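Novice: When we follow my numbering, the leftmost residue of the sequence shown carries the number -12, and every step to the right adds one. Every residue, glycine too, gets a C-beta built ideally from N, C-alpha and C. As the structure is a prediction and not an experimental result, all values here were calculated from the model.
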Amino acid sequence: MNDKKLLILCLLAVIVGIGGAVFFSVGSRALERRKGNSELAAAIAECDAADPDWRWTQLNAKRPKVPSQVNGSDRAKAVASEVPGWIEGEDQQRLFQAAAALPPNSLPTAMVLERARRQHTKHGSAVALARKFRDAPTGFREPTPPLPQGLDLDKDDGREAAIKLISLDSFLAVERGDPDRVVGNLITALNVSRSISDDPFLRSQSIRCGLRQLAVTQLERALAVAEINRGLDQLQTEWGADAEAPLLRYGLRGERAYYSDLTDKLTASEPAAEQAKPFVDPEFAKRFESSRGRASIPGDHAAFLRWMTKAIAATRLPPEEQPAAFKAFPEVPSTGENSLTSSRAAAALAQAPEFWKSVALMRCAVVGIACERYRHKHKHWPETLDLLPPEFLPAVPNDPFDGKQVKYTKRPDGVTIHSTEKDISFRLWNPEARHQSPPEPKVEREP
-12 MNDKKLLILC LLAVIVGIGG AVFFSVGSRA LERRKGNSEL AAAIAECDAA DPDWRWTQLN
48 AKRPKVPSQV NGSDRAKAVA SEVPGWIEGE DQQRLFQAAA ALPPNSLPTA MVLERARRQH
108 TKHGSAVALA RKFRDAPTGF REPTPPLPQG LDLDKDDGRE AAIKLISLDS FLAVERGDPD
168 RVVGNLITAL NVSRSISDDP FLRSQSIRCG LRQLAVTQLE RALAVAEINR GLDQLQTEWG
228 ADAEAPLLRY GLRGERAYYS DLTDKLTASE PAAEQAKPFV DPEFAKRFES SRGRASIPGD
288 HAAFLRWMTK AIAATRLPPE EQPAAFKAFP EVPSTGENSL TSSRAAAALA QAPEFWKSVA
348 LMRCAVVGIA CERYRHKHKH WPETLDLLPP EFLPAVPNDP FDGKQVKYTK RPDGVTIHST
408 EKDISFRLWN PEARHQSPPE PKVEREP
């Protein structure tokens, strides 16, 4: 065989080899896509059976609408419009840092009171708007896809400002001896967090957890410095109802619906979905740029739906059973072919404990109010929490982190209801340890 024929044969072999490899690659991708589409169809059918309104459009259509006149989301917009960027102001930051440094059972210093009075007077219209949350115990807003994770619910949307404006009003109400106004303000502060309602993003519900913590801080302080004799039963009812709201479920249902809808739109190359790419996992977004990456998306989409559906089912368990259920989930391999499932599963697993901590804190606060009511009647603290039901509490709630009753510790100056999880507690003081004189300021001068 001469060299020319040999060269031709070699070229033919290379061409056949390349053609075979291309054919195999195309065939493999087609097979992967076909298998993935079959899995996706089955996963969608499972979602339909478990939760008929799970898709993004239906989920939002079924959410309870709230009339504008009692919509807390509209209240938040009004506050944000009245005092844009207020919480970031230097004077306000200095005031809130000084207030946070006070012991909860201590009256504010003269300087803190003066700064609070100055802000209250300057922004009286905003305080009035914030106090209108009192008759708005829920809220509703239309999310604006394609922005994911509730990014359109800005941190400075008026809610944090509203809660802090309410706290200033309570400072001054305590000074002039108006405990009824303080009680009203506490419910108002809780309503600020409730105004997020069932907003369908984990980020939104995480913000709600943070707002609830601010409300609990105000409650603990109010019981320590104000002479609250009326309204404790109402406070307990309001806090008890909110403690059991399924915030984690709201967030996970929304995330499942949103990312499924987004994946469909990206697969169809809808221009609007391109806006969301900077906010999703880079590995996931990159897969839409090649036929090879696209081939594995249906299977990943199916795995994502199944993982999220399993997580949502776990949130229907009592909160004290949820940590173990989440811990039992099999690990999702962090590979390119699983980038949607792995990134969203990792986010859910990382954020879930925050929601259980919020439940624990709220339950501790509810038990704390019940203990306060017990003390009012019996003139001493209960020896154990088992003395509270049924008169002061239907049942002692469990700690989400160990499944047992929340803990109760008596101290020389009062009692503490707490979780096994660090830094989750609600403290109550003996009457003689309350409304203490403010500490001597270390450095507290007018700017």
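Work out the CA separation of LEU100 and LEU159 for me, nearest whole Å.
Specialist: The alpha-carbon atoms of LEU159 and LEU100 are separated by roughly 7 Å.
Novice: So which of TYR237, GLY72, SER112 and GLN192 has the shortest CA-CA distance to ILE153?
Specialist: When only C-alpha atoms are compared, the closest one is SER112.
Novice: If you draw a straight line from the alpha carbon of PRO39 to that of GLY197, how long is it in whole angstroms?
Specialist: PRO39 and GLY197: Cα-Cα distance of roughly 31 Å.
Novice: What did DSSP end up calling LYS239 once you bin it into helix, strand or coil?
Specialist: Residue identity differs from the one stated: residue 239 is Leu in this sequence, not Lys. The answer is helix: DSSP assigns LEU239 an H, G or I state.
Novice: Less than 7 Å between C-beta atoms, sequence neighbours within five positions excluded: which residues of the same chain meet that for GLU359?
Specialist: Taken in chain order, the residues that qualify are LEU210, LEU219 and LEU415.
Novice: Just to confirm before moving on: does the CB-CB distance between VAL179 and ALA213 stay below 8 Å?
Specialist: No. Outside cutoff.
Novice: If you check the beta carbons only, do GLN84 and LEU155 fall under 8 Å apart?
Specialist: In this structure, LEU155 does not lie closer than 8 Å to GLN84 by Cβ.
Novice: What number of angstroms, rounded off, separates the C-alpha of ILE183 from the C-alpha of THR125?
Specialist: When rounded, the distance between both Cα atoms is 7 Å.
Novice: Would you give the residue range spanned by the alpha helix (DSSP H) that TRP226 belongs to?
Specialist: Taken as a continuous stretch (DSSP letters only), the alpha helix (DSSP H) holding TRP226 covers 219 to 230.
Novice: Go ahead and pull the three-state DSSP assignment for LEU380.
Specialist: Coil, per DSSP.
Novice: Measuring only the C-alpha atoms, how far is TYR395 from HIS405?
Specialist: So the two alpha carbons sit approximately 6 Å from each other.
Novice: Run through DSSP, which three-state label would ILE411 get?
Specialist: Three-state DSSP puts ILE411 in coil, outside helix and strand.
Novice: Can you tell me where the beta strand (DSSP E) holding GLY280 begins and where it ends?
Specialist: GLY280 -> not in any beta strand (DSSP E); alpha helix (DSSP H) instead, spanning 278 to 282.
Novice: Using the C-alpha atoms, what's the distance from PRO51 back to GLU433?
Specialist: Residue confidence is low: GLU433 scores 49 on pLDDT, short of 50, so the model does not pin down where it sits. Its coordinate-derived value is still stated next. Approximately 48 Å between the Cα atoms of the pair.
Novice: What separation, rounded to the nearest whole angstrom, lies between the Cα atoms of PRO54 and PHE313?
Specialist: C-alpha separation (whole angstroms): 37 Å.
Novice: Which first and last residues belong to the beta strand (DSSP E) in which ARG398 is found?
Specialist: Segment 394 to 398, the beta strand (DSSP E) holding ARG398.
Novice: Within 10 angstroms of the Cβ of SER424, are there 16 or more other Cβ atoms? Answer buried if so, exposed if not.
Specialist: By the neighbour-count rule (16 or more Cβ atoms within 10 Å), SER424 is not buried but exposed.
Novice: Would you tell me roughly how many angstroms separate the C-alpha atoms of PRO369 and GLU75, rounded to the nearest one?
Specialist: Looking at the two C-alpha atoms, the distance is approximately 43 Å.
Novice: Considering Cα atoms alone, identify which of PHE379, ARG240 and ALA347 is closest to THR302.
Specialist: Checked all of PHE379, ARG240 and ALA347; the closest Cα to THR302 is ARG240.
Novice: Any idea if GLU307 is buried or exposed, counting beta-carbon neighbours within 10 angstroms, 16 or more meaning buried?
Specialist: Answer is buried; the Cβ neighbour count reaches 16.
Novice: Please report the residue range of the alpha helix (DSSP H) in which GLY72 lies.
Specialist: That residue, GLY72, is in no alpha helix (DSSP H); it is neither H nor E in DSSP.
Novice: Just list the alpha helix (DSSP H) runs in the region 109 to 188, keeping only unbroken ones of 4 residues or longer that don't cross its boundaries, in chain order.
Specialist: If we require 4 residues or more, the alpha helix (DSSP H) runs fully inside the region 109 to 188 come out as 111 to 118, 146 to 162 and 166 to 181.
Novice: Please classify ARG163: is it buried, with 16 or more other beta-carbons within 10 angstroms of its beta-carbon, or exposed?
Specialist: ARG163 is exposed by the Cβ-count criterion.
Novice: Do you know offhand how far GLU207's Cα is from GLY401's?
Specialist: Rounded to whole angstroms, GLU207 to GLY401 spans 13 Å at the Cα level.
Novice: Between which two residues does the beta strand (DSSP E) harbouring GLY401 extend?
Specialist: That run of the beta strand (DSSP E) goes 401 to 405.
Novice: Determine the DSSP secondary structure at TRP416, reduced to helix, strand or coil.
Specialist: If DSSP states are grouped into helix, strand and coil, TRP416 belongs with the strands.
Novice: In whole angstroms, what separates the C-alpha of VAL66 from that of ARG168?
Specialist: One C-alpha to the other measures close to 20 Å.
Novice: Under 8 Å between the Cβ atoms of PRO187 and LEU46?
Specialist: Yes, the Cβ-Cβ distance between PRO187 and LEU46 is below 8 Å.
Novice: Apart from the five residues just before and just after SER60, which ones in its own chain have a Cβ nearer than 7 Å to its Cβ?
Specialist: The answer, listed in chain order, is GLY126, PHE127, ARG128 and SER182.
Novice: On the three-state DSSP scale, how would you describe SER193?
Specialist: Looking at SER193 - three-state DSSP - the assignment turns out to be helix.
Novice: When the Cα atoms are used, what is the spatial distance from ALA37 to GLN200?
Specialist: For ALA37 and GLN200, the distance between alpha carbons rounds to 33 Å.
Novice: On the DSSP bridge assignment, give the partners of GLN435 in chain order.
Specialist: Past the edges of the chain, shown from -12 to 434, lies residue 435, and the structure says nothing about it.
Novice: When the Cα atoms are used, what is the spatial distance from LYS273 to TYR245?
Specialist: Those two C-alpha atoms are separated by around 19 Å.
Novice: Using alpha carbons as the reference points, say which of VAL319, ASP251, THR108 and PRO381 lies closest to ALA228.
Specialist: Nearest of VAL319, ASP251, THR108 and PRO381 to ALA228, Cα basis: PRO381.
Novice: Using C-beta distances below 7 Å, list every residue in its chain close to VAL70, excluding the 5 sequence neighbours before and after it, in chain order.
Specialist: Within the same chain, VAL70 has close Cβ partners HIS110, ALA113 and ALA148.
Novice: Anyone know if the C-beta pair for ALA123 and ARG62 falls short of 8 Å?
Specialist: Against a cut-off of 8 Å, the Cβ pair of ARG62 and ALA123 comes out as a contact.
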